[in-house]
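Asker:
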Amino acid sequence: MKREQAKACIEGIGIFPGIRVTNVDEALYSAETVYEAGIPIAEITMTVPDAIDIIRQLAVRFPNLVVGAGTVLDTETAERCLDAGARFITSTGLVMEVMEAALKRGVLAIPGALTPTEVIAAWKAGADFVKIFPAASLGGDLYIRSLKLPLPQIQLIAAGGVNPQTAANFILAGASAIGVGTELLPKDAVRKRQGHRIHELARRFLGFVKEGRTPP
Numbered sequence: 350m351k352r353e354q355a356k357a358c359i360e361g362i363g364i365f366p367g368i369r370v371t372n373v374d375e376a377l378y379s380a381e382t383v384y385e386a387g388i389p390i391a392e393i394t395m396t397v398p399d400a401i402d403i404i405r406q407l408a409v410r411f412p413n414l415v416v417g418a419g420t421v422l423d424t425e426t427a428e429r430c431l432d433a434g435a436r437f438i439t440s441t442g443l444v445m446e447v448m449e450a451a452l453k454r455g456v457l458a459i460p461g462a463l464t465p466t467e468v469i470a471a472w473k474a475g476a477d478f479v480k481i482f483p484a485a486s487l488g489g490d491l492y493i494r495s496l497k498l499p500l501p502q503i504q505l506i507a508a509g510g511v512n513p514q515t516a517a518n519f520i521l522a523g524a525s526a527i528g529v530g531t532e533l534l535p536k537d538a539v540r541k542r543q544g545h546r547i548h549e550l551a552r553r554f555l556g557f558v559k560e561g562r563t564p565p
């Protein structure tokens, strides 16, 4: 999958699922279930055991899944994720060396940022999206709206504290996508393999994105 295709998928779907679970089986199940539910995107964070192997397995099993690596903090880890087939690299903060590694390999670079200065620095360095984290703690959708007003050309992903009550507002405020974790993949639903429950949550979040993008 080319960089442009991966970016278009994230833009189109508008949901950026973050998978933070405790073992390989749960991670594979989570990614496969959201994929089947119509969200072909999965961020496997480096806090998951054997995260790089999980990325490798998913990249092989699901060629149309935009699978990537999250919480990448150094170049060595970024390179290993890219070798495994990661189609994007993201960090919790702005780590220039990680971003440069992704761009050098022609893969989506999605750094995290907090302040306008960091957002601009990430964009100038070539970021495809800038992940605003933790968005809810900074003022929620009002903060996204405040950033987009002077920086409309920068595509933002709002992550950290996004829930069913706020999802549509983040999109309405100008976020290109919303980052969601346990709100989409509740720990007990993953543990009990309650696919129907995750599918329903996916349907709702897809509806929130559509709602946020539909003019009043």
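Quick note on my numbering: the sequence shown kicks off at 350 and runs consecutively. Even for Gly, the Cβ is constructed at its ideal location relative to N, Cα and C.
#1: By Cβ distance below 8 angstroms, which residues in the same chain neighbour A517 in space, the five residues on each side in sequence not counted?
#2: Mind checking whether A380 and L431 have CB atoms under 8 angstroms apart?
#3: Given that a residue counts as buried once 16 or more other Cβ atoms are within 10 Å of its Cβ, and exposed if not, what is V370?
#4: What are the uninterrupted segments assigned as alpha helix (DSSP H) that are 4 or more residues long and contained completely in the stretch 483 to 507, given in chain order?
#5: With a threshold of 6 angstroms on Cβ separation, who are the neighbours of G442 within its own chain once the five nearest residues in sequence on each side are excluded?
#6: Expressed to the nearest angstrom, what Euclidean distance is found between the alpha-carbon atoms of S525 and P535?
#7: CB-CB under 8 angstroms to G530, same chain, minus the five flanking residues each way: which ones, in chain order?
#8: Looking only at DSSP bridge pairs, what is I481 linked to?
#9: Whose C-alpha, out of I390, Y384, M445, L377, is nearest the C-alpha of A400?
#10: Put I403 into one of helix, strand or coil per three-state DSSP.
#11: Are the beta-carbon atoms of A470 and D490 separated by less than 8 angstroms?
#12: When the Cα atoms are used, what is the spatial distance from P501 to R552?
Answerer: On the basis of the coordinates in this document:
#1: F557, V558, E560, G561
#2: no
#3: By the 16-neighbour rule on beta-carbons within 10 angstroms, V370 is buried.
#4: 490 to 497
#5: The answer, listed in chain order, is G461.
#6: 23 angstroms
#7: P366, G367, I368, R369
#8: A462, A507
#9: The residue with the shortest Cα to Cα distance from A400 is L377.
#10: helix
#11: no
#12: 28 angstroms
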